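Peer 1: This is the structure I want to talk about, given as structure tokens.
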Amino acid sequence: MSRRLRGLPASPGIAIGPIWWFRRALPAAMRTRGEDAAAERMRLQAAQERAAAELAALRAAQRDRLSPEELAIFEAQELMLRDPELMAAVEAELAAGASAEAAWMKAVEAFAAQLMALPDPYFQARAADVRDVGNRVLRHLVGGLEAPAMPDEPVVVAADDLLPSETVSLDPRRVLAFVTEGGGPTAHAAILARRLGVPAVVAIGPDLRTIPEGARVLVDGEAGWVEVEPGSEAVRQAQARRAVWLQERAHAEAVAHEPARTRDGVQIEVAANVGSMEDAREAFQKGADSIGLLRTEFLYLGRAAAPTEEEESAIYRALLEAMGGKPVVVRTLDVGGDKPLPYLPMPPEANPFLGVRGVRLSRQHPDLLRQQLRALLRAGVGFPLRIMFPMVSTVEEIRWLRAFLEEVRSALAAEGFPLPPDLQVGMMVEVPAAALLTEHFLPWVDFFSIGTNDLAQYTLAADRTNPAVAGLADGLHPAVLRLIRHVTAATEGTGKWVGVCGELAGDLLAVPVLIGLGVQELSVNPVRVPEVKATVRRWSMAEARALAEEALRQADAAAVRSLVAEARS
Ligand code: PEP
Ligand code: MG
Numbered sequence: 230m231s232r233r234l235r236g237l238p239a240s241p242g243i244a245i246g247p248i249w250w251f252r253r254a255l256p257a258a259m260r261t262r263g264e265d266a267a268a269e270r271m272r273l274q275a276a277q278e279r280a281a282a283e284l285a286a287l288r289a290a291q292r293d294r295l296s297p298e299e300l301a302i303f304e305a306q307e308l309m310l311r312d313p314e315l316m317a318a319v320e321a322e323l324a325a326g327a328s329a330e331a332a333w334m335k336a337v338e339a340f341a342a343q344l345m346a347l348p349d350p351y352f353q354a355r356a357a358d359v360r361d362v363g364n365r366v367l368r369h370l371v372g373g374l375e376a377p378a379m380p381d382e383p384v385v386v387a388a389d390d391l392l393p394s395e396t397v398s399l400d401p402r403r404v405l406a407f408v409t410e411g412g413g414p415t416a417h418a419a420i421l422a423r424r425l426g427v428p429a430v431v432a433i434g435p436d437l438r439t440i441p442e443g444a445r446v447l448v449d450g451e452a453g454w455v456e457v458e459p460g461s462e463a464v465r466q467a468q469a470r471r472a473v474w475l476q477e478r479a480h481a482e483a484v485a486h487e488p489a490r491t492r493d494g495v496q497i498e499v500a501a502n503v504g505s506m507e508d509a510r511e512a513f514q515k516g517a518d519s520i521g522l523l524r525t526e527f528l529y530l531g532r533a534a535a536p537t538e539e540e541e542s543a544i545y546r547a548l549l550e551a552m553g554g555k556p557v558v559v560r561t562l563d564v565g566g567d568k569p570l571p572y573l574p575m576p577p578e579a580n581p582f583l584g585v586r587g588v589r590l591s592r593q594h595p596d597l598l599r600q601q602l603r604a605l606l607r608a609g610v611g612f613p614l615r616i617m618f619p620m621v622s623t624v625e626e627i628r629w630l631r632a633f634l635e636e637v638r639s640a641l642a643a644e645g646f647p648l649p650p651d652l653q654v655g656m657m658v659e660v661p662a663a664a665l666l667t668e669h670f671l672p673w674v675d676f677f678s679i680g681t682n683d684l685a686q687y688t689l690a691a692d693r694t695n696p697a698v699a700g701l702a703d704g705l706h707p708a709v710l711r712l713i714r715h716v717t718a719a720t721e722g723t724g725k726w727v728g729v730c731g732e733l734a735g736d737l738l739a740v741p742v743l744i745g746l747g748v749q750e751l752s753v754n755p756v757r758v759p760e761v762k763a764t765v766r767r768w769s770m771a772e773a774r775a776l777a778e779e780a781l782r783q784a785d786a787a788a789v790r791s792l793v794a795e796a797r798s
């Protein structure tokens with residue numbers, strides 16, 4: 230009998246093949262007590278040095294094979310080896326008489342647990358890096374822990390979760406799909422799967438362990454399920470769907486650099502969400518018409534002091550250049566609450582998502598905002614730059630932000646700097662109050678970009694980082710769609726535009742609904758650009774509008790999803 234296990238969709242596509250369990254070799258028995266602290270310290274230092282040399286060699290050897298993102302993971306791991314907080318914890322254990330291996334692993338586990346306890350999934354995923362580097366050093370201390378060898382034929386790789394060095398140890402030609410017990414869409418297995426273009430389903434839970442080695446499974450990476458021992462009819466259908474998917478994907482990539490027009494000729498801008506220089510290069514290469522959201526947090530997080538204006542400006546300029554003259558929407562710093570900055574002391578908050586986030590934080594630290602705006606205006610001369618403010622909830626805030634921007638502009642002009650003449654200024658719509666009062670925000674902006682990740686969490690009262698309720702915050706919920714409709718209806722005929730830059734924009738089921746609601750720009754993960762463009766081309770505006778009207782009348786997100794799935798088939 231076949232049975233279906235549900236998880237979270239992490240990389241689209243269909244695969245059929247035998248399960249291969251990624252099993253780690255257990256370390257040899259570990260000594261827990263040390264001889265004397267100085268000798269143990271020397272053993273540990275030698276193991277750390279060997280681990281650092283290995284990581285440097287791995288980066289050098291794999292430079293062509295790994296994405297810049299993956300190379301950065303190993304670079305960060307080299308830094309972790311010398312992390313002062315981690316080493317202080319190790320020292321305390323050594324002083325208490327622990328062996329090098331016991332002291333090291335205890336400190337590593339405590340560090341990883343600290344990261345896992347943070348609400349931001351980005352930091353939770355970094356716990357895997359800490360464990361990975363921990364195992365690498367341990368291997369030099371006690372031996373064992375080698376990655377298992379893959380079978381010769383292509384397999385569906387199953388694991389509890391995969392560490393970065395484990396994912397790169399796999400031969401991509403023999404990976405049909407990834408299925409993991411834990412992890413999330415930002416976990417390493419998910420990132421690797423998306424880059425390799427193979428399906429992945431993550432967070433399946435302990436039921437995954439009931440699938441025996443070699444059992445045949447069918448993986449649907451878009452719907453997010455795994456079927457164990459599927460019947461012959463299901464396999465035949467899946468094979469047909471897989472053939473169509475591969476063919477469509479090849480075609481979508483071949484025409485990704487063409488504009489996306491609906492069947493009746495309406496052009497939709499398909500933009501990319503980027504968070505680094507590497508992402509921007511990928512966006513350009515994948516055919517994005519523009520950058521619809523540059524998350525600037527990467528410039529500020531993970532460092533001890535804020536960047537200088539010159540540093541910031543040079544990075545913005547390099548990004549604008551990487552996009553070859555295409556428009557770039559730069560969002561001002563969106564930290565606070567769950568993403569604290571080490572150099573901005575902030576009191577802890579009981580509800581960080583309802584606290585001092587985004588522009589609320591910028592107003593408390595106007596120097597930081599001033600510098601960011603100055604760096605942007607200086608970099609933007611000669612480029613189609615767009616500046617966007619996050620987490621705006623009241624009209625008073627946008628008025629203040631516009632006045633502040635004018636002040637920065639005048640100051641720069643007085644200092645003799647040229648200014649970008651065609652600057653567009655916009656705001657994110659992430660708070661239901663802002664969506665409902667669109668008409669009052671209109672005089673202050675050139676565009677709205679709807680952040681459905683936050684808009685859904687605030688509309689459904691479901692914390693987007695809490696896996697127990699994250700499923701409730703579906704952007705296709707009719708309540709969210711009605712808010713989006715409110716924004717597009719109020720903007721119609723004003724010459725201003727509306728985009729969506731939340732994850733929903735890259736959800737192929739949501740694409741026709743959003744354009745039917747009047748959204749003109751979809752900003753998505755760079756790898757999604759070709760398929761989102763292909764989906765736009767499949768619909769006419771008349772069909773999309775009718776579908777959107779019907780979606781608005783549904784009672785829940787599941788009903789909207791079945792409606793679109795039926796209309797598409
Ligand atoms: C959003 O909230 O939808 C969004 C795009 O912003 P972020 O995910 O960075 O909060
Ligand atoms: Mg947001």
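Numbering (this note's numbering), first residue to last: 230 to 798.
Where a beta carbon is used, it is the ideal one built from N, C-alpha and C, also for glycine.
Computed from a predicted structure; not experimentally measured.
1) Any residues whose CB sits closer than 7 Å to a heavy atom of the ligand MG? List them in chain order?
2) Excluding the 5 residues flanking I440 on each side, which residues of the same chain have their C-beta closer than 7 Å to its C-beta?
3) What number of angstroms, rounded off, separates the C-alpha of G224 from the C-alpha of R478?
4) In the DSSP assignment, what are the bridge partners of G728?
5) Based on the DSSP secondary-structure assignment, which residues constitute the bridge partners of F303?
6) Within the same chain, show all residues whose beta-carbon is closer than 7 Å to that of R470, passing over the 5 residues directly before and after it, in chain order.
7) Exposed or buried, F303, counting other C-beta atoms within 10 Å across all chains shown (16 or more means buried)?
8) Write down the C-beta distance between L710 and L781 rounded to the nearest angstrom, noting that I regard them as a contact closer than 8 Å.
9) For M345, name the three-state secondary structure that DSSP assigns.
10) Alpha carbon to alpha carbon, what distance is there between A301 and A286?
11) Under 7 Å from any heavy atom of the ligand PEP, does the C-beta of L522 make it?
12) Going along the chain, which unbroken runs of the alpha helix (DSSP H) with 4 or more residues stay wholly within the stretch 754-785?
13) For S519, write down the residues that DSSP places opposite it in a beta bridge.
14) Given this structure, state the Cα-to-Cα distance separating P576 from Q749, to the nearest angstrom.
15) Using the C-alpha atoms, what's the distance from V448 back to A282?
16) State the DSSP-derived secondary structure class of V557, mapped to helix, strand or coil.
17) Does the beta-carbon distance from V558 to M617 come in below 8 Å?
18) Regarding G263 and the ligand PEP, is the C-beta to nearest heavy atom distance less than 7 Å?
19) Helix, strand or coil for E721 per DSSP?
20) I'd like the ranges of any alpha helix (DSSP H) spanning at least 4 consecutive residues and lying wholly in the stretch 634-679.
21) Go to L733, then tell me how far its alpha helix (DSSP H) extends in each direction, as first and last residue.
22) Determine the contact status of G450 and A406, defining contact as a CB-CB distance below 8 Å.
23) Could you compute how far the alpha carbon of R589 sits from the alpha carbon of E626?
24) If we ignore side chains and look at the alpha-carbon of each, how far apart do G811 and P649 end up?
25) Take A534 and list the residues in its own chain whose beta-carbon comes closer than 6 Å to its own, dropping the five residues that flank it on each side.
26) In the structure shown, what three-state DSSP assignment does M617 receive?
27) Would you mind stating whether L284 and E330 have Cβ atoms separated by less than 8 Å?
28) Return helix, strand or coil for E456, following the three-state DSSP convention.
29) Could you have a look at I248 and say whether DSSP puts it in helix, strand or coil?
30) Alpha carbon to alpha carbon, how far is E264 from P313?
31) Mind checking D785: buried by the 16 CB within 10 Å criterion, or exposed?
32) Evaluate E728 with the Cβ neighbour count: other Cβ atoms within 10 Å of its Cβ, from every protein chain shown; 16 or more gives buried, anything less gives exposed.
33) Which whole-angstrom value describes the C-beta separation of W726 and F676, a residue pair presumed to lie in contact below a C-beta threshold of 8 Å?
34) Output needed for V624: all residues of its chain with C-beta closer than 8 Å, excluding positions within five of it in sequence on either side, in chain order.
35) May I have a chain-ordered list of the alpha helix (DSSP H) segments no shorter than 4 residues that lie completely inside the stretch 529-600?
36) Given a threshold of 16 other Cβ atoms within 10 Å of its Cβ, counted over all protein chains shown, does F646 qualify as buried or as exposed?
Peer 2: Answer, in terms of the structure:
1) D563, P619, M620, M657, E659, G680, N682, D683
2) The beta carbon of I440 lies closer than 7 Å to those of I248, A387, V446, V457 in the same chain, with the five residues before and after it left out.
3) Because the chain here runs from 230 to 798, residue 224 falls outside it and cannot be looked at.
4) Per DSSP, S678, E750.
5) Paired residue(s): none; F303 is not in a bridge.
6) I243
7) Buried, because 16 or more other Cβ atoms sit within 10 Å of the Cβ of F303.
8) 6 Å
9) helix
10) 14 Å
11) yes
12) 758-767, 770-781
13) A500
14) 40 Å
15) Whole-angstrom Cα-Cα distance: 38 Å.
16) strand
17) yes
18) no
19) coil
20) 661-665, 667-670
21) No alpha helix (DSSP H) contains L733, which DSSP labels as neither H nor E.
22) In terms of Cβ geometry, G450 and A406 form a close pair [threshold 8 Å].
23) 8 Å
24) Outside the displayed span of the chain (230 to 798) sits residue 811, for which this structure offers no information.
25) Y572
26) strand
27) no
28) strand
29) strand
30) The alpha-carbon atoms of E264 and P313 are separated by roughly 24 Å.
31) exposed
32) The sequence shown places Gly at residue 728, rather than the Glu named in the question. By the 10 Å Cβ count, G728 comes out buried.
33) Yes, W726 and F676 are in contact; Cβ-Cβ is about 5 Å, under 8 Å.
34) L666, H669, F670, W673
35) 538-551, 587-593
36) exposed
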